[in-house]
Every structure is written in C-alpha cells, then in structure tokens.
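Report on one structure; see the data block that follows.
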Amino acid sequence: MVKQLKMDSNAERRWLSDEEEEVVIHYTQELAKMGFGLDHRCLKEHVDEICRTQYGSKFPEAGVRKNWTYHFVGRYTANPATHKEYFDLVEEVQLQGDNGGPIAPECTWAMDESGFQANGAEGAGGQKIIGPK
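Numbering (full-length UniProt numbering), first residue to last: 1 to 133.
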C-alpha cells in the first residue's frame with residue numbers, strides 16, 4: 001500500500017508521460033542502432049527540449065534534475081526482457097565471433113561490470129552512451 005502511494009506520488013511529479021517516455025526510449029535506441037548513442041548530457045538536453053516545449057516557463061530553467069537521466073535509464077534497464085535480449089546478443093556474438101568462428105569463453109570477462117574493451121585498451125572509448133544492449 002505504501003509503495004503504491006509513493007509510486008502514485010512520483011507519477012504525479014513526472015515531467016514526461018508514459019507515452020513520452022516511450023518516445024524518448026525509442027529515439028535513444030534508434031540513434032544507438034545507427035551508431036550515434038546518446039550520453040547522459042545529450043539525453044538530458046533532449047528531455048529538457050521536450051519539456052520546455054510542453055511546459056514553457058513552468059519548466060525550470062536548469063531543466064530536469066542532475067540525476068534524472070540516471071534514474072530514467074535505471075527504470076528501463078532493470079527490465080528482465082532487456083536483460084534476456086542483451087545476453088541473447090552476447091551469446092550470438094560469442095558463437096559467431098570474428099570471421100564466423102566462436103569466441104573462447106575465457107576471452108569474454110567482466111560482462112556485468114564493464115563489457116568488452118575497445119581494442120583491448122583499458123579506458124579507451126571515453127564516454128558511455130545509452131542504447132539497447
């Protein structure tokens with residue numbers, strides 16, 4: 001009962017409706033599929049633009065709060081279907097590997113922490129982007 005009241009209260013304070021959140025998710029995923037994934041700063045800018053258009057001067061000049069994008073992403077990445085899709089993709093990559101040959105299991109590590117390293121160099125790649133797993 002208390003949890004439901006908190007969820008209802010949070011829903012009333014949200015800047016985006018469920019439908020708008022779905023549009024943002026779809027937009028983010030489509031950009032990522034094309035190789036243009038959004039980082040948290042760009043996601044915030046996109047959401048701020050939507051909210052400024054909808055709410056005008058009622059929307060804070062600073063935009064959504066500092067950690068809004070992290071909470072938003074967290075709500076949607078804790079989805080069991082997303083996790084299954086991600087690990088199905090990992091399995092597919094492991095089985096097909098480079099040049100159609102499988103990748104040895106010992107060559108795939110820290111998947112729950114950092115994923116694959118770009119060119120084997122730690123810290124390479126810079127910023128993290130948001131997109132489908």
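We put the CB at the ideal spot given by N, CA and C, even for glycine.
Can you tell me whether residue i is buried or exposed? The criterion is at least 16 other CB atoms within 10 Å of its CB, across all chains shown.
i	result
Phe36	exposed
Leu95	exposed
Lys44	buried
Leu89	exposed
Glu19	exposed
Val23	exposed
Taking residue i as part of the alpha helix (DSSP H), name the residues at either end of that continuous run.
i	result
Val64	Segment: none, Val64 is in no alpha helix (DSSP H) and carries neither H nor E.
Cys107	From DSSP, Cys107 is part of no alpha helix (DSSP H); its letter is neither H nor E.
Lys44	His40 to Tyr55
So what does DSSP say about residue i, is it helix, strand or coil?
i	result
Leu16	coil
List the whole-angstrom C-beta distance separating residue i from residue j, where the pair is believed to meet the contact cut-off of C-beta under 8 angstroms.
i	j	result
Trp15	Cys51	5 angstroms
Ile130	Ala32	7 angstroms
Asp48	Val64	6 angstroms
Tyr70	Ile25	Not really, about 15 angstroms apart at Cβ, beyond 8 angstroms.
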